[in-house]
Amino acid sequence: MTKDWLTIKNAPWALGLLLILSLFLFQGNGLSDRLEHWLYDQTITTWPTLVNHQVAVTAIGDWASVTLSVLVLIILAVLLPRLTHSYTLITCMAIFGLLIAGYLLLLFYLRIQLPIIDTLLLILFAVPIATGYRLVMTNRFLNQQLDDMASTPHLSLPQSTKRQPAQLLEHFQAFLEPEGWLLWENGELLQIHGMTMAQAPHLPKPGHWVHQLNQSWVKLERGSSTYVLGLSLKNDLSREVTQQYLRGLELESETIMTPTQHSVQAFSPRLEKVQLANKRLSQMQSFIQHSFEHMPDGIIVTDELAVIRFANRHIENWFREPMPSLSGMPLIKLLQGHDPQENPSWHEIVSETLTLSESRAVNLKVHGRDFILHLAPVTLPGDAQSGIIANISDISELREQQRQHRQVIDFISHDVRSPLVSQLALIEQLKRDPSNINEYQIEQLGKLARRSYSLAEEFVNLARAEQLSETRFYDCDLLAIVENARDSVSEQAYEKHIRLELNDTEDLWLQGNAELLERAVINLLTNAIQYSAPNTTITIQVYQAGHIAGLAIADEGSGIDERELPYLFDRYHRPRHNEIAGNHGTGLGLAFVKTVVEKHKGKIYVDSMPGEGTTFTLKLPIADPMG
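Just so we're aligned, residue 0 is where the sequence shown starts under numbering that gives the first Met the number 0, counting upward by one.
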């Protein structure tokens, strides 16, 4: 039995007692008798023609008045607690009118005077009494609800302004890993490591950080104590960002009571509770909303009919549906067109989640990206029905890593193992008959060893390029890099009677890694030599176009089939016509070149015509070495 039902059940008794008490008050002061005579006199005076003075009027005793009052009291006590304020007034006015009409009918037609003043007064006082009782009950109910809201767990984040300096220092040590720290209280050093108080600058205002190179200082006031906290940060690229973050921390509070707060507290403590409860609800709603919006995954919440009621911004971006159209859209309609990578249809998946209350996980592809969709039933607020909460995670990078992992396994299991197996077989053959070792076998063994070394070197170079970061960049000259690469392949070109023609310009300085850039240019030149016919020319041009340094390598070889161009820079991709011609590459050279160029924030282009040659063009941003 709920509190509301208990209130309704007990209300007639409480209201009835109040009305009985008011009835006794009327009887005690003689007011009823005076009003009764006044009502009779007013009735006779108003309608004298209706009264036959030759017939006496019979006055009923007090027992009739008491009986009538008790009957009306029961009716009011039962009805009024269940009626709204407007219906309470209408009901009382209707009963009041019926009593007056009955009084007049009995008086004029039956010559009976029914004492109704006590009952009329009871009805008049029933309206304010019932309204007051309802307000008291409402007030009690609101107080209970407010107390429940105030006692329920709420989001409470400890403010930095209330944390003790020793606790703050402990958190900074775990969060920032400073190289040194210092904590000083009223002239006494509490903690010190790698810093001295003599290094502390003037700290004019509490709570404001002062930064000196890699040192950050702040003064704090807690009660009657004054603290100085110092941190010695790592002197790297993150130092300025960390100091900017510290500058935004609020470590000292300025408590100012606004006039509105004063007026609320002075007016009613209940309003203060309402304000506190509303503030907590607003904070919780804002926290939940911001949390959903900034989650790395997409979130969808539906109702019991699988209609979307909430979706965060990731859903809008990934599915390319504007937010207004998402609200109210069936979940199945949103997912249609993005088929799951399993056998069941979206209708079956969504309906089973709702009807069977079972969680499901489905892989799907949306606009070329891979996702995993988790569907789980969720109980809707204020309802026994279940909706769906869907979590969508972008696993495109994971899928790409898995694909690359499979390619690496295939590469190692086939390309790397193949020459090693051939070497071992040849060595076993030589061991069985060492007297018949000839120059061809030795040359074949060396060729296989060089191929194994080349495969390992290409694989290692690609791994180094993928791990390249700007921390390993320095000033380097593109022209010098190209000249070194040309010299490295000049012997290969000489053997095929291929001329390397360098059209250079002035020095072009870059911010980059010269070793990997030179390796990338060597790969391009090696490919140009390998796929060029003897007695041809490879043209190398270094040029400047605005703030871009360009490098173009053009050969006069067989060119590249147009169908191969989209896959030219993919890992482990080997052009089909090269395999048929016996030119077995690793499939990593051009992937390495593209990776190095992209790490240097550049771009690479290829222009090829079958039978006429191929041109590779690199464009890299120029750096000012004097800047």
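A virtual CB, placed ideally from N, CA and C, is assigned to each residue, including glycine.
Delimiting residues of the beta strand (DSSP E) encompassing A544: Residue 544 sits at position 545 when you count from the first residue of the sequence shown. Its beta strand (DSSP E) spans residues 536-544.
Integer Cβ distance of N512 from V592, believed to fall under 8 Å: As a first step, residue 512 is located in the sequence shown; it is residue number 513 there, counting from the start. As a first step, residue 592 is located in the sequence shown; it is residue number 593 there, counting from the start. Between N512 and V592 the beta-carbon gap is near 14 Å, outside 8 Å, which marks them as no contact.
I307, buried or exposed, once every other Cβ within 10 Å from all chains shown has been counted against 16: In the sequence shown, residue 307 corresponds to position 308, counting from 1. Burial of I307 is indicated by the presence of at least 16 other C-beta atoms within 10 angstroms of its C-beta.
Span of the alpha helix (DSSP H), counted from its first residue to its last, around G588: Here residue 588 is taken as the residue at index 589 of the sequence shown, counted from 1. Boundaries of the alpha helix (DSSP H) around G588: 588-598.
Nearest-angstrom beta carbon gap, L429 and Q440 [assumed within contact, 8 Å]: One-based indexing of the sequence shown puts residue 440 at position 441. One-based indexing of the sequence shown puts residue 429 at position 430. About 6 Å separates the two Cβ atoms, so the contact holds.
Cross-strand partners of N390 (DSSP beta bridge): Counting from one through the sequence shown, the residue named residue 390 turns up at place 391. Bridge partners of N390 according to DSSP: I298, H373.
Limits of the unbroken alpha helix (DSSP H) element including N526: Mapped onto the sequence shown, residue 526 falls at position 527. Counting along the chain, the alpha helix (DSSP H) containing N526 begins and ends at 513-529.
CB contact flag (I122, F140, <8 Å): As a working note, residue 122 is residue 123 in the sequence shown. As a working note, residue 140 is residue 141 in the sequence shown. No, the Cβ-Cβ distance between I122 and F140 is not below 8 Å.
CA nearest to the CA of W345, picked from L333, N435, L355: Position 346 of the sequence shown, counted from the start, is the residue given in the question as residue 345. Looking at the Cα atoms, L333 is the closest of the given residues.
Residues near N534 in its chain [Cβ-Cβ closer than 6 Å; skip 5 each side]: Here the question's residue 534 lines up with position 535 in the sequence shown. Result list for N534: H496, in chain order.
Buried or exposed by the 16-neighbour rule on C-beta atoms within 10 Å, applied to T241: Indexing the sequence shown from 1 puts residue 241 at position 242. It is buried - the Cβ of T241 has at least 16 other Cβ atoms within 10 Å.
Where A93 falls, given that 16 or more other Cβ within 10 Å makes a residue buried: Counted from its first residue, the sequence shown places residue 93 at position 94. Looking at its Cβ environment, which holds fewer than 16 other Cβ atoms inside 10 Å, A93 is exposed.
For L589 and Y530, the rounded distance between their alpha carbons: Here residue 530 refers to the residue found at position 531 when the sequence shown is read from its first residue. Here residue 589 refers to the residue found at position 590 when the sequence shown is read from its first residue. One C-alpha to the other measures close to 14 Å.
Delimiting residues of the alpha helix (DSSP H) encompassing I307: Mapped onto the sequence shown, residue 307 falls at position 308. Careful: I307 lies outside any alpha helix (DSSP H), inside the beta strand (DSSP E) at 307-310.
Burial state of A532 (16 or more Cβ within 10 Å): Within the sequence shown, the letter at position 533 stands for residue 532. Exposed.
Nearest neighbour of G558, chosen from E292, G612, A173 [CA to CA]: Start at 1 with the first residue of the sequence shown, and residue 558 comes out as number 559. It is G612 whose Cα lies nearest to the Cα of G558.
Short Cβ contact (8 Å threshold) for H313 with G297: Counting from 1 along the sequence shown, the entry for residue 313 is found at position 314. Counting from 1 along the sequence shown, the entry for residue 297 is found at position 298. Their beta carbons are under 8 Å apart, which means H313 touches G297 by this criterion.
Check whether V365 and F309 have beta carbons under 8 Å apart: Working through the sequence shown from its first residue, we reach residue 365 at position 366. Working through the sequence shown from its first residue, we reach residue 309 at position 310. The answer is no: Cβ separation not under 8 Å.
Distance between V300 and D506 (C-alpha atoms, nearest Å): Here residue 506 refers to the residue found at position 507 of the sequence shown. Here residue 300 refers to the residue found at position 301 of the sequence shown. D506 and V300: Cα-Cα distance of roughly 60 Å.
The segment 175-191 contacting the segment 223-238, beta-carbon criterion three pairs below 8 Å: As far as the Cβ criterion goes, the segment 175-191 touches the segment 223-238, which means the pair count is three or higher.
Run of the alpha helix (DSSP H) containing P620, from where it starts to where it stops: Sequence index remark: in the sequence shown, residue 620 carries index 621 (1-based). Careful: P620 lies outside any alpha helix (DSSP H), inside the beta strand (DSSP E) at 612-620.
Pair within 8 Å by beta-carbon distance, R398 and D369: Reading the sequence shown from its first residue, position 399 is the one you call residue 398. Reading the sequence shown from its first residue, position 370 is the one you call residue 369. Closer than 8 Å, so yes.
For L587 and E438, believed in contact at Cβ under 8 Å, the rounded distance: Position 439 of the sequence shown, counting from 1, holds the residue named residue 438. Position 588 of the sequence shown, counting from 1, holds the residue named residue 587. Not confirmed; about 31 Å, so no contact.
Where Y604 falls, given that 16 or more other Cβ within 10 Å makes a residue buried: Indexing the sequence shown from 1 puts residue 604 at position 605. Result: exposed.
Inter-residue Cα distance where the pair is F174 and S215: Walking along the sequence shown from the start, residue 174 turns up at place 175. Walking along the sequence shown from the start, residue 215 turns up at place 216. Answer to the nearest angstrom: the Cα atoms are 15 Å apart.
Whether L38 touches I111 by CB criterion (8 Å): For the purposes of this step, residue 38 is taken as the residue at position 39 of the sequence shown. For the purposes of this step, residue 111 is taken as the residue at position 112 of the sequence shown. No; because the gap between Cβ atoms is not below 8 Å, this pair is not in contact.
Residue nearest to A519 in terms of C-alpha spacing, selected from T594, A479, F472: The residue given as residue 519 occupies position 520 in the sequence shown. The shortest Cα separation from A519 among T594, A479, F472 belongs to T594.
Chain-order list of residues whose beta-carbon lies under 6 Å from that of E220 (same chain, five-residue window excluded): The sequence position of residue 220 within the sequence shown is 221, counting from 1. Excluding its 5 nearest sequence neighbours in each direction, E220 has C-beta neighbours in its own chain below 6 Å: P205, listed in chain order.
Short CB-CB distance (under 8 Å) between A622 and chain D: In the displayed structure, chain D is absent; only one protein chain is listed.
Enclosing alpha helix (DSSP H) for T354 [first to last residue]: Mapped onto the sequence shown, residue 354 falls at position 355. Start and end: 345-354.
Integer-rounded CB distance, given that A464 should sit under 8 Å from K598: Working through the sequence shown from its first residue, we reach residue 598 at position 599. Working through the sequence shown from its first residue, we reach residue 464 at position 465. With 8 Å as the limit, K598 and A464 qualify as a contact, their Cβ atoms being about 6 Å apart.
G186 versus Q198, S224, F124, residue with shortest Cα-Cα distance: Counted from its first residue, the sequence shown places residue 186 at position 187. Per the Cα distances, S224.
Nearest to L477 (by Cα), restricted to the options A548, T378, L75: The residue labelled residue 477 in the question sits at position 478 within the sequence shown. Cα-wise, what sits closest to L477 is A548.
Given E490 as reference, the closest of L524, L374, N502, Q466 once Cα atoms are compared: One-based indexing of the sequence shown puts residue 490 at position 491. Ranked by Cα distance from E490, the first of L524, L374, N502, Q466 is L524.
Neighbour-count burial assignment, F266, 16 or more Cβ in a 10 Å radius: As a first step, residue 266 is located in the sequence shown; it is residue number 267 there, counting from the start. The pLDDT assigned to F266 is 46, lower than 50, so where the model puts this residue is not dependable, and the model offers no usable value.
Backbone secondary structure at N362 - three-state DSSP: Start at 1 with the first residue of the sequence shown, and residue 362 comes out as number 363. When DSSP states are grouped into helix, strand and coil, N362 belongs to the strand group.
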